[in-house]
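Written below as structure tokens is the structure these notes are about.
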Amino acid sequence: MTQAIVNLLKKLSNAYGPPGYEEEVRQIIISEMEKIADEVYVDNLGNVIAEHKGSDPKIMIAAHMDEVALLITHIDKNGFLRFHTLGGIDPRVLYSQEVMIKTEEGNIYGYIGAKPPHLLKPEELKKAPSIEQLFIDIGASSKEEAEKQGISIGSTAVFSPRFKELGNNKVMGKAFDDRAGCTALIEIMKNIKDTSCTVYAVATVQEEVGLRGARTATWQIEPDIGIAIEGTTASDTPGTPEHLTSTKMGQGPAITIADRSVIAHPKILRKLIETAKEINIPFQFKRTVSGGTDAGVIHLTKRGIPSGVVSIPCRYIHSPLSLLNINDLENTIKLITAFIQKEEK
Ligand SMILES: [Zn+2]
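Everything in the sequence shown is counted per our numbering, starting at 465 for the first residue and increasing by one.
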């Protein structure tokens with residue numbers, strides 16, 4: 465396990481990045497990319513595009529900066545905040561979580577509350593509270609007090625940052641989907657400095673609300689090949705039958721054959737498999753066809769871009785915390801690095 469990679473993942477995981485508000489993550493990526501890429505720029509939507517200049521083919525690798533988040537839609541007279549979700553969050557994971565709201569006055573912490581369990585009717589106790597029944601308590605006792613702390617309608621919240629190293633190469637933190645991919649993006653750019661082909665490392669915005677940033681980024685770049693790097697569901701946990709286990713932690717990068725958004729181009733798929741075998745790293749296939757990634761819009765750009773997806777298996781994505789195995793992240797970096805180097809003329 466490389467401590468430098470763990471430290472970079474920690475920094476990215478703890479950064480604040482709701483869809484559309486990826487600034488903190490963007491600044492980390494820009495400062496890392498400026499040390500290694502030939503050119504770094506930000507497009508009108510906020511995607512970071514880092515270019516390694518070279519000859520054809522043009523390869524685009526992409527990871528998204530945003531994380532699932534909450535959007536404050538109402539402040540009541542007693543200072544409680546109501547919200548909607550930005551991106552897919554199972555309402556069952558929200559109750560009694562700590563959240564962080566970034567405001568111009570600083571970071572505010574809050575707790576997601578609901579009607580206390582001892583006041584619930586027996587039938588209500590059987591169900592998790594719905595989003596409409598939940599509220600964020602920031603300790604304010606009036607609307608004015610909440611506003612004085614910098615909260616307004618349109619403020620956003622994320623699950624509180626609390627990255628931890630668990631031992632045995634495992635780490636736990638928020639937003640590994642897709643800060644694990646962002647970590648890989650930076651490390652791959654370091655590794656391919658001497659490659660002859662052109663590589664665009666793109667940190668995209670607003671993936672969680674519909675693969676939006678990748679759309680404008682790909683249109684500008686017009687790559688010959690696209691690879692999305694994702695933090696995907698690992699379901700190697702109690703209660704999931706073997707045939708429904710999408711990926712397993714510790715068994716290497718997960719190569720997608722098909723998901724809801726893309727069918728990996730056979731040429732790219734074959735090359736990813738060949739490369740993994742040649743460099744002798746473990747790999748697995750993503751065995752369910754659920755979910756979508758930036759590759760879903762990359763491959764549909766202009767005349768079509770042959771694309772694929774490589775994912776780092778993460779347990780409990782889109783919840784307050786995820787777990788991943790650093791070996792899987794390191795092998796993902798190795799696989800995509802070798803894939804790019806294989807394209808050299
Ligand atoms: Zn993702």
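For every residue, glycine included, the Cβ atom is placed at its ideal position computed from N, Cα and C. Treat the numbers as computed from the prediction; the structure is a model and nothing was measured.
- In terms of side-chain proximity, the C-beta atom of residue 641 is found nearer than 7 Å to a non-hydrogen atom of ligand 1.
- In the structure shown, residue 651 falls within a helical segment according to DSSP collapsed to helix, strand and coil.
- A Cβ-Cβ distance of about 11 Å is found for the pair residue 536 and residue 544, leaving them out of contact under the 8 Å criterion.
- In the same chain as residue 563, and ignoring 5 residues on each side of it, the C-beta atoms closer than 8 Å to its own belong to 534, 573, 574, 575, 576, 600, 621, 622, 623, 624, in chain order.
- Beta-carbon to beta-carbon, residue 529 and residue 514 are separated by about 13 Å, too far to satisfy the 8 Å threshold.
- A straight line joining the alpha-carbon of residue 493 with that of residue 525 spans about 14 Å.
- For residue 784, no alpha helix (DSSP H) segment is defined, and its DSSP state is neither H nor E.
- Following the DSSP letters along the chain, one finds residue 546 in no alpha helix (DSSP H) but inside the beta strand (DSSP E) bounded by residues 544 to 550.
- When rounded, the separation of the alpha-carbon atoms in residue 751 and residue 588 is 36 Å.
- For residue 772, the Cβ stays outside the 7 Å cut-off from all heavy atoms of ligand 1.
- Your pair residue 804 and residue 656 checks out as a contact, with CB atoms roughly 5 Å apart and the cut at 8 Å.
- By the neighbour-count definition (other C-beta atoms within 10 Å, threshold 16), residue 800 is a buried residue.
- At a Cβ-Cβ threshold of 8 Å, residue 630 and residue 713 do not count as neighbours.
- For residue 686, there is no enclosing alpha helix (DSSP H), since its DSSP letter is neither H nor E.
- Boundaries around residue 490 are those of the alpha helix (DSSP H), 487 to 500, since no beta strand (DSSP E) includes it.
- In this structure, residue 695 has its beta carbon less than 7 Å from a heavy atom of ligand 1.
- With 16 or more neighbouring CB atoms inside 10 Å of its own CB, residue 793 falls in the buried class.
- Taken through DSSP and simplified to helix, strand or coil, residue 613 comes out as coil.
- Residue ranges of uninterrupted alpha helix (DSSP H) with 4 or more members, entirely inside the segment 586 to 648 and ordered along the chain, are 586 to 589, 607 to 612.
- In the DSSP assignment, the residues bridged to residue 749 are 719.
- Taking C-beta atoms as the reference points, residue 567 and residue 614 count as a pair closer than 8 Å.
- The alpha-carbon separation between residue 517 and residue 687 amounts to approximately 13 Å.
- When DSSP states are grouped into helix, strand and coil, residue 764 belongs to the coil group.
- By the criterion of at least three beta-carbon pairs nearer than 8 Å, the segment 676 to 685 is not in contact with the segment 498 to 506.
- Inter-segment contact for the segment 743 to 759 and the segment 705 to 722 is present: three or more beta-carbon pairs are separated by less than 8 Å.
- Going by DSSP, residue 472 is part of the alpha helix (DSSP H) stretching over 467 to 478.
- Within its own chain, the residues whose Cβ lies closer than 7 Å to the Cβ of residue 651, once the five positions on either side in sequence are excluded, are 469, 797, listed in chain order.
- Relative to residue 581, the option among 570, 593, 571 whose CA is nearest is 593.
- DSSP, read as helix, strand or coil, puts residue 555 in helix.
- The beta carbon of residue 731 sits closer than 7 Å to the beta carbons of 770 from its chain, once the five residues preceding and following it are set aside; these are given in chain order.
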